[in-house]
Amino acid sequence: MLDAGCGTGRMLTHLAERGVAPLTGVDLSPGMLAHARRGHPGTPLAAADLRALPHATASLRGVLCWYAIIHSTPAEVATIAGELARVLVTDGVLLLGFQAGRGERVVDGTAYRQQTTLHGVLHEPDEVAGLLAERGFAVLATARRAAVGGERHDHGFVLARRR
Numbered sequence: 649m650l651d652a653g654c655g656t657g658r659m660l661t662h663l664a665e666r667g668v669a670p671l672t673g674v675d676l677s678p679g680m681l682a683h684a685r686r687g688h689p690g691t692p693l694a695a696a697d698l699r700a701l702p703h704a705t706a707s708l709r710g711v712l713c714w715y716a717i718i719h720s721t722p723a724e725v726a727t728i729a730g731e732l733a734r735v736l737v738t739d740g741v742l743l744l745g746f747q748a749g750r751g752e753r754v755v756d757g758t759a760y761r762q763q764t765t766l767h768g769v770l771h772e773p774d775e776v777a778g779l780l781a782e783r784g785f786a787v788l789a790t791a792r793r794a795a796v797g798g799e800r801h802d803h804g805f806v807l808a809r810r811r
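Letter by letter, the sequence shown follows residues 649 to 811 in our numbering.
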């Protein structure tokens with residue numbers, strides 16, 4: 649199972665606690681990977697762009713892409729979908745989670761330890777599902793959850809199987 653955009657390894661922990669194995673992860677950020685490596689010393693982790701994964705064709709049975717497309721335009725999500733289709737075996741499963749909506753969002757990072765501005769792209773679940781379907785996936789389910797508490801955006805989810 650690949651955690652595509654594993655960040656600090658939070659979802660790797662979640663998957664490992666539920667007996668999912670073998671696990672692997674990729675992330676573009678060296679800092680995030682360093683944190684993930686401390687928490688998962690035996691898990692293969694690599695620095696990689698989701699548009700060009702280091703995995704062999706048809707080498708994975710499952711991919712979790714959990715809030716990793718936040719900085720990706722729809723065109724980039726289409727490229728990522730094609731790459732995920734490449735690395736998954738036939739009938740391999742993909743679960744995507746992301747912030748749902750339309751357009752871009754800008755977050756003033758004053759709540760963080762240093763001043764920064766974060767740019768993100770929102771995606772509609774049905775549009776992501778369409779991109780996946782165009783790139784070799786059978787979409788099994790889409791869902792949208794309304795924002796709760798202090799959340800600013802809804803959340804979208806797409807479950808798909810590689811055809």
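Where is the CB? At the ideal position from N, CA and C, for every residue including glycine.
**OP:** Indicate the three-state DSSP secondary structure (helix, strand or coil) for L660 in the structure shown.
**Re:** helix
Original post:
Is the CB-CB distance between R750 and G784 below 7 Å?
Top reply: no
Original post:
In whole angstroms, what separates the C-alpha of A684 from that of G655?
Top reply: 7 Å
Original post:
Do you know offhand how far V741's Cα is from L780's?
Top reply: 12 Å
**OP:** Classify L701 as buried or exposed, calling it buried when 16 or more other Cβ atoms lie within 10 Å of its own Cβ.
**Re:** buried
**OP:** Please determine if the stretch 708 to 719 and the stretch 651 to 666 are in contact, where contact requires at least 3 C-beta pairs separated by less than 8 Å.
**Re:** yes
**OP:** Rounded to whole angstroms, what's the CA-CA distance from A664 to P692? Just pull it up for me.
**Re:** 13 Å
Original post:
What residues match up with T790 in a beta bridge as DSSP calls it?
Top reply: V806
Original post:
Can you name the residues that DSSP bridges to H771?
Top reply: A748
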